[in-house]
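J.: In the numbering used here, the protein residues as written are 1 to 708.
Here it is, the structure, as structure tokens.
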Amino acid sequence: MTTTPTLALRDRAQEALRRLVGRDDVDFRDGQFDAIEALVGGRRRALVVQRTGWGKSAVYFVATALRRAEGAGPTVIISPLLALMRDQIGAAERAGIRAVTMNSANAQDWDDVRGALAEDAVDVLLVSPERLNNPRFREEQLPDLARRCGLLVVDEAHCISDWGHDFRPDYRRIKDLLVGLPADTPVLATTATANERVVTDVVEQLGVSADGSEHDVLTVRGGLARQSLRLGVLRRLSPEQRLAWLVTHLSGLEGSGIIYTLTVAGAEDVAAALSEAGLTVASYTGRTDPADRERLEEALRHNEIKALVATSALGMGFDKPDLAFVIHLGAPSSPVAYYQQVGRAGRATERADVLLLPGVEDKDIWTYFASVSMPREDQASAVLTALAEAGRPLSTAALETIVDIRRTRLELLLKVLDVDGAVDRVTGGWMGTGVPWVYDRERYERVSAARKAEQQLMLDYEASSECRMAFLQRTLDDESAAPCGRCDNCAGVWFPTDIPDRVIGAARTRLDRVGVPIEPRAQWPTGMDRLGVPVKGRIPSDEAMSEGRALARLSDLGWGPRLRELLREDAPASGELLRAVVPVLAEWGWERRPVGVVGMPSRSHPTLVGSLAGGLAEIGRLPLLGTLDLAHGGPTGEAGGNSAFRLAGVWERFAVGPALAAALVVTPGPVLLVDDLVSSRWSLTVAARALRLAGAEAVLPLALAIDA
């Protein structure tokens, strides 16, 4: 009997799968071999949309083994997160596949990786999408990789689509890479979180080719129901009740898991509170050092800690098959994003608990993140004009002195313009291409509308009485949605709801703690002479402010919501507010107590700042020395801009009037400088400089809130 090519391929694929898993009794799940056959047998392009734990990595590792056996070059995997890369390398090594990575954290190893690639001693190369636009990588490595790549894999492919919940401009560059591939290079894109709109967008981008024709893309899509997950929502809890619930019930949850928060401050505060309560937890955020991230991931993976309190920095790719629970303190902005995060749990267990504790502050946080994720037409035009007029490469720092755009937003905007072909990243910075660029207002308005609709869907999920899993499936256009029989709406409330009053009281005390350092600026921004500000280098010690204090951050779980509400209007400082600030002063630990109080000239909250300064002077039995004068109309520019323009906007805008100058002479010593909201710290820096030059021995800034 003659063996058909498909049967022979399946036999070889199954042998590779069993080597990968380390067992002789495993077989392919529905859809896995279909994708492998398309890639290896048909040299096709494929999109796999399957739930977390289905085995998408098995598809590309088996395909890699088969392609390498045929003499093909290495597989290139474009992967968005270091945690994901580490897990993929570990899985590859266990299967005897030689995997390496080139990323920002291992630059010291790049020469070794290049050597191994040149010797064809690499089976899998993992790179971040950002690496595709690194000039050196793009010029020295990418052409050869594209020419001899045996398989290209785009992991977490929903990031390609600006309809996706985690769109990243760098992923758009993959389309350019696809155009440069030989026609018979197989391409695989994988994701666990894509609705029909995202699938259509990704398929359209996967289908591009150099000659303008379209590749046929196979889509392998399965049901997204997770039989192990037991979903629930506990609504209408205050911040202290949510924290108290965790303190009371976290230890009663089986195994170890993840507690997600929406902000870095939230993660750090919750982790600190739970640690003080005797629970073994740690925070994991975008601020966490890469080495610490790896250590914390391993600690959770080996059940050495009860939970990581994390932002979305611990999301795609973290692999712990027996993760027992996922709890959210605050809801992600869409059911799709929520499904992606809860999908970390219960991959290899019969049951995993998933509980959402939404907060009243969620919508404000969603609005903030949405505002920074979309490019603005006026800012894009300003960048293109600056590059055109320069006629040479400009670094991001140099651009900051020409366009008033905050660094993070500027970097995002440059990526978008790069993807659209309007700018190029070159050695030395960025150059305009001269390609006409038109702001796609219609597309961005549609994306904005879609995200607002997704936010409403998240609110609908919280309030829904239908099956939780079926709701999530429907939002991902899964036609197999059906009641799960396990969630709180299907089977009744499965989670405890009791919270002892004493624990709520302790949580309230913890959240009411106040006092956040305001670090003094140490360095003037570069290139300030271009903006007419004659400073450079380090700020002289005799002109600098001292370390200050704020009552809280606007993102704090305790005082944050109250301060956001307070700053919506201008009203006198209440007794409660004054009493809250007193412990900040008492615990400051300054070298020398201030001898007087000075108010900042607030345009938004003059009544609030004036009454706060006066109230604190009275409580501390200190003289109210006065308020700085606003010169030339006061600070200019929009809040949240970059450092160079923020400094230029406040430079010499604060003046020490005659009465205040006389008071500083009569009352020598440190002064307490009172303000409402701190963002860039340049207003305080310039105001402190004016006071120091007028004779203040030191300036101790005190603000109600830090905009973070």
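In this text, a Cβ means the ideal position worked out from N, Cα and C, and glycines have one as well.
Using 8 Å for Cβ pairs, my map puts residue 188 next to residue 39. What's the rounded Cβ distance?
T.: With a Cβ gap of about 6 Å, residue 188 and residue 39 count as contacting.
J.: In the DSSP assignment, the beta strand (DSSP E) including residue 701 goes from what residue to what residue?
T.: Counting along the chain, the beta strand (DSSP E) containing residue 701 begins and ends at 698-706.
J.: Does the beta carbon of residue 364 come closer than 7 Å to any beta carbon on chain C?
T.: Note that chain C does not occur in the displayed structure, where there is just one protein chain.
J.: Ordered along the chain, which non-local residues of its own chain (more than five positions away) have a Cβ less than 8 Å from that of residue 135?
T.: Only 425, 426, 427 meet the Cβ criterion.
J.: For residue 158, count neighbouring C-beta atoms within 10 Å of its own C-beta (all shown protein chains included) and say buried if the count is 16 or more, exposed if not.
T.: Classification for residue 158: buried.
J.: Just to confirm, is the Cβ distance from residue 580 to residue 705 under 7 Å?
T.: Contact: no.
J.: Would you be able to state if there are at least three C-beta pairs under 8 Å between the region 64-80 and the region 218-231?
T.: No: fewer than three Cβ pairs fall under 8 Å.
J.: Below 6 Å CB to CB, which residues in the same chain sit around residue 698 once its five sequence neighbours on both sides are set aside?
T.: These residues qualify, in order along the chain: 546, 670.
J.: Report all residues from its chain with a CB closer than 6 Å to the CB of residue 262; omit the five preceding and five following residues, and keep chain order.
T.: Cβ within range, chain order: 330, 365.
J.: Leaving out five residues on either side along the sequence, give the residues of the same chain with a beta carbon under 6 Å from the beta carbon of residue 461.
T.: Closer than 6 Å at the Cβ level, and outside the excluded window around residue 461, lie 335, 471.
J.: Quick test of your reading: residue 664 and residue 614, contact by CB under 8 Å. State the CB separation rounded to the nearest angstrom.
T.: Residue 664 to residue 614, Cβ: 18 Å. No contact.
J.: Identify the continuous beta strand (DSSP E) that holds residue 328 and give its terminal residues.
T.: Unbroken beta strand (DSSP E) run through residue 328: 325-329.
J.: Can you give me the C-alpha to C-alpha distance between residue 649 and residue 534, rounded to a whole angstrom?
T.: Residue 649 and residue 534: Cα-Cα distance of roughly 14 Å.
J.: Measure the beta-carbon distance from residue 400 to residue 410 and round it to whole angstroms, keeping in mind my assumption that it falls under 8 Å.
T.: Sure, about 7 Å apart at Cβ, within 8 Å.
J.: Give the DSSP bridge partners of residue 711, in chain order.
T.: In the structure as shown, the chain begins at 1 and stops at 708. Residue 711 is therefore absent and cannot be evaluated.
J.: Select from 680, 566, 702 the residue whose C-alpha is nearest the C-alpha of residue 582.
T.: Residue 702 is the option with its Cα nearest to residue 582.
J.: On the three-state DSSP scale, how would you describe residue 520?
T.: Residue 520: coil per DSSP, three-state reduction.
J.: Just list the residues that DSSP pairs residue 102 with in beta bridges.
T.: Paired residues: 127.
J.: Out of curiosity, what's the CA-to-CA distance linking residue 554 and residue 511?
T.: Taking the straight line joining both Cα atoms gives about 13 Å.
J.: Under 8 Å: do the region 226-238 and the region 274-294 share three or more Cβ pairs, one atom per stretch?
T.: The region 226-238 is not in contact with the region 274-294.
J.: Please state the DSSP three-state secondary structure of residue 654.
T.: Correct three-state label for residue 654: strand.
J.: Pull up the distance between the alpha-carbon of residue 155 and that of residue 463, whole angstroms please.
T.: Rounded to the nearest angstrom, the two C-alpha atoms are 33 Å apart.
J.: Ignore the nearest five residues each way along the sequence and tell me which others in residue 413's own chain have a CB closer than 7 Å to its CB.
T.: 375, 379, 380, 383, 405, listed in sequence order.
J.: Excluding the 5 residues flanking residue 129 on each side, which residues of the same chain have their C-beta closer than 7 Å to its C-beta?
T.: 78, 80, 168, 170, 171, 173, 174.
J.: Taking the straight line between their C-alpha atoms, what separation do you get for residue 438 and residue 311?
T.: Those two C-alpha atoms are separated by around 35 Å.
J.: My guess is that residue 684 and residue 673 are in contact by the Cβ rule of under 8 Å, so how many angstroms apart are they, rounded?
T.: With a Cβ gap of about 7 Å, residue 684 and residue 673 count as contacting.
J.: Compute the distance between the beta-carbons of residue 324 and residue 389, then report whether it is under 7 Å.
T.: No, the pair does not count as a contact, with Cβ atoms beyond the cut-off.
J.: Which same chain residues, not among the five before or five after residue 348, have their C-beta less than 6 Å away from its C-beta?
T.: Taken in chain order, the residues that qualify are 321, 322.
J.: In whole angstroms, what separates the C-alpha of residue 700 from that of residue 548?
T.: Those two C-alpha atoms are separated by around 5 Å.
J.: Helix, strand or coil, according to DSSP, for residue 592 in the structure here?
T.: DSSP places residue 592 in coil when its eight states are reduced to three.
J.: Tell me the rounded alpha-carbon separation between residue 486 and residue 227.
T.: Going by the C-alpha atoms only, they are around 9 Å apart.
J.: To the nearest angstrom, how far is it from the Cα of residue 453 to the Cα of residue 474?
T.: Taking the straight line from one Cα to the other gives about 14 Å.
J.: In this structure, how does DSSP classify residue 729 when only helix, strand and coil are distinguished?
T.: Nothing in the structure corresponds to residue 729, since the chain is present only between 1 and 708.
J.: Report the option in 16, 290, 269 whose CA atom is closest to the CA atom of residue 103.
T.: Looking at the Cα atoms, 290 is the closest of the given residues.
J.: Identify, in the order they occur along the chain, each residue of the same chain with its Cβ nearer than 7 Å to the Cβ of residue 33, setting aside the five sequence neighbours on each side.
T.: Around residue 33: 10, 13.
J.: Return helix, strand or coil for residue 599, following the three-state DSSP convention.
T.: Three-state result, residue 599: strand.
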